[in-house]
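Asks: Before I ask anything, let me first share the structure, which is written out below as structure tokens.
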Amino acid sequence: MDRAQRRERWEGLFPAGRLALTGALLSLVLLFQPSLEGRAVILAAALTAAWLSGRKLSPLLTLLVMAGIVGANLLVPLGRKLASWGPLVITEIALYEGLTNAVTFEALV
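If you use the working numbering, the sequence shown corresponds to residues 6 to 114, in order.
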């Protein structure tokens with residue numbers, strides 16, 4: 006089944022109003038989810054739904070955006086030092102917060 010067929014099938018199965026309400030509800034669930042693992046599960050479900058709906062997905066762009074968000078969080082070293090790479094110090098809290106922010110952003114998009 007190609008992308009156009011998936012899109013047509015998705016639009017036939019789900020009314021636009023219900024999809025909008027479901028998306029808003031899942032966004033709230035995502036924002037109030039405290040664990041990184043829970044947010045990652047929601048991201049995986051969102052990626053699966055996006056693929057099933059016929060949306061174009063770019064894994065490379067997704068990974069680049071996530072790496073940028075994590076990298077920006079690593080600029081402020083917080084927590085226990087895990088490693089250092091030149092002048093960049095990778096710390097536990099900064100890495101965890103960066104991953105959490107990146108997963109949250111991508112799931113919302």
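Cβ coordinates follow ideal geometry from the N, Cα and C atoms, glycine included.
What number of angstroms, rounded off, separates the C-alpha of Ala77 from the C-alpha of Gln38?
Replies: Spanning the two alpha carbons is a distance of roughly 22 Å.
Asks: So for Leu87, helix, strand or coil by DSSP?
Replies: Note: Leu87 maps to strand in three-state DSSP.
Asks: Quick check on DSSP: helix, strand or coil for Leu93?
Replies: Three-state result, Leu93: strand.
Asks: For Gly59 and Arg85, what's the separation of their Cα atoms in angstroms?
Replies: Between Gly59 and Arg85, the C-alpha separation is close to 43 Å.
Asks: At the level of alpha carbons, what is the spacing between Ile98 and Thr105?
Replies: Cα to Cα, the separation comes out at about 10 Å.
Asks: If you draw a straight line from the alpha carbon of Leu68 to that of Leu52, how long is it in whole angstroms?
Replies: Taking the straight line from one Cα to the other gives about 13 Å.
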